[in-house]
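One structure is given here, and the rest of the page talks about it.
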Amino acid sequence: MPVWHEKTKKLRESGKLTVIGIAQEQHPDRCLLFARWQGIDWPILWDPFNMTGTKSVLRATLIDEHGVVRALRADPRTIESDFLARTFEAPKTAANPLPEGTQTELIEKLRAKPDSPTWQYYRALSDLLWNTGDGDRAMAALKAYAKKNPKDAAVQWRLGVAFRMRHDSGERHDGDFQAALDHWRKGLDLDPSQYIYRRRIQQYGPRLDKPYPFYPWVAEATKALKARGEELPAMIAPLSSTELVGGGLVRPAETEKEPDPERSIEAPAKLLALDSAVAWSTPGDRDGGVGARVHLVLRPSGNRVLLWDAEAGPVTVWLELPKGWSTERRSLRYDLLGTDRAEENVLLDFEIAFPDGKPVPGTIKAYALYYACLDGPGECRYLRHDFEIVVPKRP
Amino acid sequence: MRGIATSGCPYHVAMHSVVIPAAVVLVLIGLAAPAAEAAEPRVGELHPELRLPTLDGTQTISLRSLRGKRVLLLQFASW
Numbered sequence: 011m012p013v014w015h016e017k018t019k020k021l022r023e024s025g026k027l028t029v030i031g032i033a034q035e036q037h038p039d040r041c042l043l044f045a046r047w048q049g050i051d052w053p054i055l056w057d058p059f060n061m062t063g064t065k066s067v068l069r070a071t072l073i074d075e076h077g078v079v080r081a082l083r084a085d086p087r088t089i090e091s092d093f094l095a096r097t098f099e100a101p102k103t104a105a106n107p108l109p110e111g112t113q114t115e116l117i118e119k120l121r122a123k124p125d126s127p128t129w130q131y132y133r134a135l136s137d138l139l140w141n142t143g144d145g146d147r148a149m150a151a152l153k154a155y156a157k158k159n160p161k162d163a164a165v166q167w168r169l170g171v172a173f174r175m176r177h178d179s180g181e182r183h184d185g186d187f188q189a190a191l192d193h194w195r196k197g198l199d200l201d202p203s204q205y206i207y208r209r210r211i212q213q214y215g216p217r218l219d220k221p222y223p224f225y226p227w228v229a230e231a232t233k234a235l236k237a238r239g240e241e242l243p244a245m246i247a248p249l250s251s252t253e254l255v256g257g258g259l260v261r262p263a264e265t266e267k268e269p270d271p272e273r274s275i276e277a278p279a280k281l282l283a284l285d286s287a288v289a290w291s292t293p294g295d296r297d298g299g300v301g302a303r304v305h306l307v308l309r310p311s312g313n314r315v316l317l318w319d320a321e322a323g324p325v326t327v328w329l330e331l332p333k334g335w336s337t338e339r340r341s342l343r344y345d346l347l348g349t350d351r352a353e354e355n356v357l358l359d360f361e362i363a364f365p366d367g368k369p370v371p372g373t374i375k376a377y378a379l380y381y382a383c384l385d386g387p388g389e390c391r392y393l394r395h396d397f398e399i400v401v402p403k404r405p
Numbered sequence: 006m007r008g009i010a011t012s013g014c015p016y017h018v019a020m021h022s023v024v025i026p027a028a029v030v031l032v033l034i035g036l037a038a039p040a041a042e043a044a045e046p047r048v049g050e051l052h053p054e055l056r057l058p059t060l061d062g063t064q065t066i067s068l069r070s071l072r073g074k075r076v077l078l079l080q081f082a083s084w
């Protein structure tokens, strides 16, 4: 991308070329950070649902002044001679225009006259509902479409994106992230050559299945923007630790000291709730399917108001694995993002390896130790919460 | 869980950081999606129409609005 940015600088400034980026990512904030860090000043669009249908990145497409595609794999060295210096004639046939009308009008048109509800009907309805912000109805339309057209990889992919969007929102449902991973996997099974689908799963999956670390540059970019006095983009979701690491063997935990073996720390019931998701290696993976990445969300739950006490210390989790399983660390730590009392979700992830490299279902026992303030500012304590993480049979 | 309601967004956005300008984030969600079937672009043919939001959610750009210009469309990911 920096190559294109540099190569097209004079062409953009002279008005000879308009450059538009399209980010094929779940989270736009990360790409926005990248763009600001790199000084990219041309517009970048966000295509989380892969509306462009691209199967890979980087794709550099040249489009002439009539809207006609002139190259799908442009070369920065020859863009002037092969594209800008040439003359192109207008096409004889017009493009199929998008339907006219406001989003709401189009939805009503579709709903009023679903000649015979086809997959195109549900797909168009879903697209429009996303546009108007009706996420649940859009997901319902996608599900209906998927039911009528179960072999469509793209709709499975979109459902995964939708579930992950809701997972990152304040309307998160337990199981949303696992549903996202499951739909992404279905999409990849239906279209194994889809590079975008595979990368999305690998983003959250085990280390050995990763071609490279996904977001190792974020810390450097953040530091650089701060040093320049520039505003940082808003974060939709914090980076999970698996998004920062690359391939590598899972090393069993060194000797770690269990923090509360005698169960001496008070463990009131029903203060926290857990949601978990297991990201498996992709089909044809390099690690032979021996690993999995487990993602956890711990959040306040129940009838009492609970605020994490960030000033007092981090949230830690201790893992007790089934016999023969291993992990890099049995003690996990989450540093709260807030500097005071907060009610954020605590997000953790860790890698597991199975005995003899054969994935088997099982249950991980764990407990969290955390500082929290209950029912107002006065009662702040150090507490324990025991929970179990069910690792299902690998799909 | 905190969440902020806003029109035009499918879901309320969780607050993961004390420095989030939430309004910006909220605008991002739910703007993607033209009403047309995605079609694979082919050399020599009109590029399928697209209408997508910018990363910061401040505007939506359609390919149709770029007629009359020579365009380089770069599809990429920051990873």
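The listed protein sequences derive, respectively, from chains A and B.
Be aware that the first sequence starts at 11, since it is given in the working numbering, and climbs by one per residue.
Be aware that the second sequence starts at 6, since it is given in the working numbering, and climbs by one per residue.
Beta carbons are placed, not taken as given, at the ideal position from N, Cα and C, and that holds for glycine.
Just so we're clear, the structure is a prediction, and the values are computed from it rather than from any experiment.
- Pairing A/Ala70 with B/Leu77 gives a Cβ-Cβ distance under 8 Å.
- Inter-residue distance for B/Trp84 and A/His37 is about 11 Å (C-alpha atoms, whole angstroms).
- Proximity of the region 34-52 of chain A to the region 11-18 of chain A meets the contact definition, three or more beta-carbon pairs being nearer than 8 Å.
- Ranking A/Tyr222, A/Pro332 and A/Ser341 by CA distance to the CA of A/Pro271 puts A/Ser341 first.
- Cβ contact annotation for A/Phe98 (same chain, cutoff 6 Å, sequence separation greater than five): Asp74, in chain order.
- Nearest in C-alpha terms to A/Ile374, of all of A/Asp144, A/Tyr222, A/Arg303 and A/Leu218, is A/Arg303.
- Relative to A/Ala234, the option among A/Lys17, A/Leu27, A/Ala45 and A/Glu16 whose CA is nearest is A/Ala45.
- The beta carbon of A/Asp162 lies closer than 8 Å to those of Trp129, Tyr155, Ala156 and Leu200 in the same chain, with the five residues before and after it left out.
- B/Pro46 sits in coil when the DSSP states are folded into three classes, being neither helix nor strand.
- Within chain A, not a single residue places a beta-carbon under 7 Å from that of B/Ser70; the smallest gap is close to 10 Å.
- Rounded to whole angstroms, the separation of the alpha carbons of A/Lys65 and A/Arg83 is 13 Å.
- Per DSSP, B/Ala82 lies in no beta strand (DSSP E) segment and is marked neither H nor E.
- By the criterion of a C-beta distance shorter than 7 Å, A/Arg182 is surrounded in its chain by Arg176, once the five residues flanking it on both sides are discounted.
- Pairwise C-beta distances place the region 219-228 of chain A out of contact with the region 189-207 of chain A, as fewer than three of them are shorter than 8 Å.
- If you check the CB distance, A/Ala81 and A/Trp56 do not come in under 8 Å.
- The Cβ atoms of A/Leu316 and A/Pro310 sit closer than 8 Å to each other.
- Any Cβ of chain B closer than 8 Å to the Cβ of A/Phe173 would place that residue at the interface, and such an atom is absent.
- The criterion of a C-beta distance shorter than 8 Å is satisfied by B/Pro46 and B/His52.
- A/Tyr392 counts as exposed, since fewer than 16 other beta carbons sit within 10 angstroms of its beta carbon.
- Under the three-state reduction of DSSP output, A/Val400 falls in the strand class.
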